[in-house]
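Below is one structure, written out as structure tokens; the observations come after it.
What follows is the structure in structure tokens.
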């Protein structure tokens, strides 16, 4: 600690982690050494089989050779040598990522679930030299900014030493500078366009080594990878496993849901379970203890609270170790709080407070210094801090200024997070700006607002988080976004149309679940908009529902939970294929629980509105509080739902997006 720092008040003195190594190697040189040490050790495990280190490396080397032969290297050394990966969640993405690094390029992961417009904007910003695709993702690439598209499936059997029509090339691991860019990840941008974070090989290794130390990882461990590969949590999981000799177990949570996750953990001997606290809480609602091999639960992506510790112990046993990490795309994990299982012989620190009390951010990981400045902002310094934002990727100068150089080849990042020191531990206390987390995904509301302002007729937009079912945007556990809009005269907007427009340009987590039209947006004297403490939904004028069937009522209830119009839901399609996610199904179950006998697990299995209505229409079931009402009979009173808290009548000055403005507009 410098003399200047020692004179600061304790709450502003930097917290310093242990020194870490200089990490002179690269991701691929570390990986290659592990392959040479044991080619038969498992590297990727899934329901489709196990890839050993040797087999994974062989497939990656074969694809790397294709990249070296076919991807033109730009003569301009200033241009990024980026190859994008657009592949399904699983071993195809792992193989592609390794192949890109093996060929000497930086990788950029694009999510197949993103709309084509989002993929196009990222490609225009990053200017990849090529995009690796599969048969199921190839049609998502429509950008003129992509000069070359390579089908992974077409080259699946290529060996590193196999002759090709394109000639020959050495597919041995390409040596690169540890401070060269290893990967790019896009985050939400305040300009309305996503911005790209550049992370170095050294930064990847710092994170992997810190995970090994903090979580006591061993080569026998199996780590989950639940998050889409385009987010930093996935990079943490992938490299923490592969670069420490452990195995990674990718599980597509968005497609497969939570009901099969416990069986997946057991089948594949998962030992380290990494997820957002929201996922842990929802898994806790689905059933009892998971009788598997999990010895460590790592929580990240959003604020964790004390009750999460109890949920983890209920699911995985009292001996499980629970860790809560703090970080960002720009710095990965920089601090961690760890509480060991009750049977653990080592000393442990139990989180203080009630069930809803936040867990502390913990202590800095090796190589990091974390401090809180006079404004309360958290500053992170270390070799694991990213290199900065990609130039021309929508990051304004004010954003790039958040990075700075520090002595010893380290970097400093001003996180924008607010922190407070209590009894030597650091606690998260919100944001300096408007950035929020929704289901563990960082979102800048300004990006959503910019797209809403492009909708014809919209004159103003304000986007904020709302806790599911309450409308409150206070607290850290945000499940959805809501939007307030002002519109021009005679403008009538449909919620379904707004949802379609935004879904065509934004990832699902960034699309508001509810749109409210208001007479005006509150602003300060300086013209800045006031962020309301609550954003309430308003029921449209009720239509004549006297002839509703059970199917109609289920469809409308599901629509209320999802914040869309009932007419936009195809009752035959599985909800998970219609924009809903696993946590939405938990909310739908809560709204339907008084209607009849339906278990949450059954709801996941039923999937569609038609199947749910058919289940509730069974003779043994009851419908709502009045069991005498026959399921699906004409004239039945629709059961009251609990999907959202709404006022009894529309408030003055506010109306639902589906209702034409008052006063003849």
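Numbering (the numbering used here), first residue to last: 483 to 1147.
Backbone N, C-alpha and C define an ideal beta-carbon position, used for all residues, glycine too.
Inset, instruction - With residue 693 as the anchor, note down where its alpha helix (DSSP H) starts and where it stops. - result: Taking the chain shown and counting its residues from 1, one reaches residue 693 at position 211. Unbroken alpha helix (DSSP H) run through residue 693: 683–697.
Inset, instruction - Quick one: give me the first and last residue of the alpha helix (DSSP H) that residue 547 is part of. - result: Taking the first residue of the chain shown as 1, we reach residue 547 at position 65. Residue 547 -> alpha helix (DSSP H) spans 535–552.
Inset, instruction - Kindly indicate which three-state DSSP category residue 942 falls into: helix, strand or coil? - result: In the chain shown, counting from the first residue as 1, residue 942 sits at position 460. Looking at residue 942 - three-state DSSP - the assignment turns out to be strand.
Legend entry - Alpha-carbon to alpha-carbon, residue 972 and residue 1023: As a first step, residue 1023 must be located in the chain shown, where it is residue number 541. As a first step, residue 972 must be located in the chain shown, where it is residue number 490. Only weak support exists for where residue 1023 lies, its pLDDT of 35 falling under 50; the coordinates are left without a value.
Legend entry - Endpoints, beta strand (DSSP E) assigned at residue 910: Mapped onto the chain shown, residue 910 falls at position 428. Segment 907–913, the beta strand (DSSP E) holding residue 910.
Inset, instruction - Using beta-carbon positions only, say whether residue 771 and residue 799 come within less than 8 Å of one another. - result: By 1-based counting over the chain shown, the position of residue 771 is 289. By 1-based counting over the chain shown, the position of residue 799 is 317. In this structure, residue 799 lies closer than 8 Å to residue 771 by Cβ.
Legend entry - Classification of residue 1054 by the beta-carbon crowding that lies within 10 angstroms, buried from 16 upward: Translated into the one-based positions of the chain shown, residue 1054 becomes position 572. The residue is exposed, with fewer than 16 neighbouring Cβ atoms inside 10 Å.
Inset, instruction - Give the DSSP-derived three-state secondary structure of residue 931 in the structure shown. - result: Here residue 931 corresponds to residue number 449 of the chain shown, with the count starting at 1. Note: residue 931 maps to helix in three-state DSSP.
Legend entry - Segment contact flag, the stretch 1081–1099 with the stretch 1035–1044, C-beta cutoff 8 Å, min 3 pairs: yes
Inset, instruction - Jot down the residue ranges of each uninterrupted beta strand (DSSP E) in the stretch 574–602, minimum 3 residues, whole runs only, in chain order. - result: 588–591
Legend entry - Classification of residue 624 by the beta-carbon crowding that lies within 10 angstroms, buried from 16 upward: Taking the first residue of the chain shown as 1, we reach residue 624 at position 142. Exposed.
Inset, instruction - Kindly list the residues whose CB is nearer than 6 Å to the CB of residue 1147, restricted to its own chain and excluding five residues on each side of it in sequence; keep chain order. - result: Here residue 1147 refers to the residue found at position 665 of the chain shown. Bear in mind that the predicted position of residue 1147 carries a pLDDT of just 33, short of 50, making it unreliable; the figure below should be weighed with that in mind. Correct list, in chain order: 971, 972.
Legend entry - Nearest to residue 752 (by Cα), restricted to the options 739, 760, 775: Here residue 752 corresponds to residue number 270 of the chain shown, with the count starting at 1. Comparing Cα positions, the closest option is 775.
Legend entry - Outcome for residue 700 when other beta-carbon atoms lying within 10 angstroms are tallied against a minimum of 16: The residue given as residue 700 occupies position 218 in the chain shown. Flag for residue 700 reads exposed.
Inset, instruction - Kindly indicate which three-state DSSP category residue 791 falls into: helix, strand or coil? - result: In the chain shown, counting from the first residue as 1, residue 791 sits at position 309. The answer is helix: DSSP assigns residue 791 an H, G or I state.
Inset, instruction - Give the secondary structure of residue 1050 by DSSP, where H, G and I count as helix, E and B as strand, and everything else as coil. - result: Reading the chain shown from its first residue, position 568 is the one you call residue 1050. Looking at residue 1050 - three-state DSSP - the assignment turns out to be helix.
Legend entry - Secondary structure, alpha helix (DSSP H): runs of 4+ residues fully inside the stretch 690–759: 714–724, 735–738, 743–749
Inset, instruction - Use the C-beta contact count for residue 904: other C-beta atoms within 10 angstroms, 16 or more gives buried, fewer gives exposed. - result: In the chain shown, counting from the first residue as 1, residue 904 sits at position 422. Result: exposed.
Legend entry - Bridge partners - residue 780, DSSP secondary structure assignment: As a first step, residue 780 must be located in the chain shown, where it is residue number 298. 756, 805, per the DSSP bridge assignment.
Inset, instruction - Would you mind stating whether residue 1044 and residue 976 have Cβ atoms separated by less than 8 Å? - result: Here residue 1044 refers to the residue found at position 562 of the chain shown. Here residue 976 refers to the residue found at position 494 of the chain shown. No.
Legend entry - residue 663 at chain B interface by Cβ criterion, 8 Å: The structure shown has no chain B; it contains just one protein chain.
Inset, instruction - Along the alpha helix (DSSP H) that carries residue 1033, what are the first and last residues, could you check? - result: Indexing the chain shown from 1 puts residue 1033 at position 551. Looking at the DSSP string, the run of the alpha helix (DSSP H) that includes residue 1033 is 1032–1044.
Inset, instruction - Please name the residue or residues paired with residue 569 in a DSSP beta bridge. - result: Numbered from 1 along the chain shown, position 87 holds the residue referred to as residue 569. DSSP lists no partner for residue 569.
Inset, instruction - For residue 677, write down the residues that DSSP places opposite it in a beta bridge. - result: Here residue 677 refers to the residue found at position 195 when the chain shown is read from its first residue. Residue 677 is bridged to 669.
Legend entry - Straight-line Cα distance separating residue 665 from residue 678: Counted from its first residue, the chain shown places residue 678 at position 196. Counted from its first residue, the chain shown places residue 665 at position 183. Their backbone Cα atoms lie some 10 Å apart in a straight line.
Inset, instruction - With DSSP collapsed to three states, give me the class of residue 658. - result: In the chain shown, counting from the first residue as 1, residue 658 sits at position 176. Coil, per DSSP.
Legend entry - Cutoff 8 Å; reference residue 634; Cβ partners in own chain excluding five residues on either side: Position 152 of the chain shown, counted from the start, is the residue given in the question as residue 634. So the list reads 545, 569, 574, 577, 578, 614, 615, 616, once near-sequence residues are dropped.
Inset, instruction - Give the secondary structure of residue 521 by DSSP, where H, G and I count as helix, E and B as strand, and everything else as coil. - result: For this step, residue 521 is matched to residue 39 along the chain shown. Looking at residue 521 - three-state DSSP - the assignment turns out to be coil, as it is neither helix nor strand.
Inset, instruction - Find out if the Cβ-Cβ distance for the pair residue 913, residue 898 is shorter than 8 Å. - result: Translated into the one-based positions of the chain shown, residue 913 becomes position 431. Translated into the one-based positions of the chain shown, residue 898 becomes position 416. For residue 913 and residue 898, yes; Cβs fall inside 8 Å.
Inset, instruction - Indicate the three-state DSSP secondary structure (helix, strand or coil) for residue 1075 in the structure shown. - result: As a first step, residue 1075 is located in the chain shown; it is residue number 593 there, counting from the start. Correct three-state label for residue 1075: coil.
Inset, instruction - Could you please give the first and the last residue of the uninterrupted alpha helix (DSSP H) stretch that includes residue 985? - result: Walking along the chain shown from the start, residue 985 turns up at place 503. It spans 977–985 - the alpha helix (DSSP H) in which residue 985 sits, taken as one unbroken run.
Inset, instruction - Only counting runs of 4 or more residues, tell me where the alpha helix (DSSP H) segments fall wholly within the stretch 834–890, in order along the chain. - result: 879–882
Inset, instruction - Identify whether residue 633 lies in helix, strand or coil by the three-state DSSP scheme. - result: Residue mapping note: residue 633 aligns to position 151 of the chain shown, counting from 1. If DSSP states are grouped into helix, strand and coil, residue 633 belongs with the strands.
Legend entry - Selected residue, minimal CA-CA separation from residue 918, among 819, 785, 851: For the purposes of this step, residue 918 is taken as the residue at position 436 of the chain shown. Ranking 819, 785, 851 by Cα distance to residue 918 puts 785 first.
Inset, instruction - May I ask you to report which of helix, strand or coil DSSP gives residue 1110? - result: If you number the chain shown from 1, residue 1110 lands on position 628. Summary for residue 1110: the model assigns pLDDT 25, below 50, so the residue's position carries little reliability, and this model does not support an answer.
Legend entry - Euclidean distance between Cα positions of residue 859 and residue 1052: Walking along the chain shown from the start, residue 859 turns up at place 377. Walking along the chain shown from the start, residue 1052 turns up at place 570. Whole-angstrom Cα-Cα distance: 47 Å.
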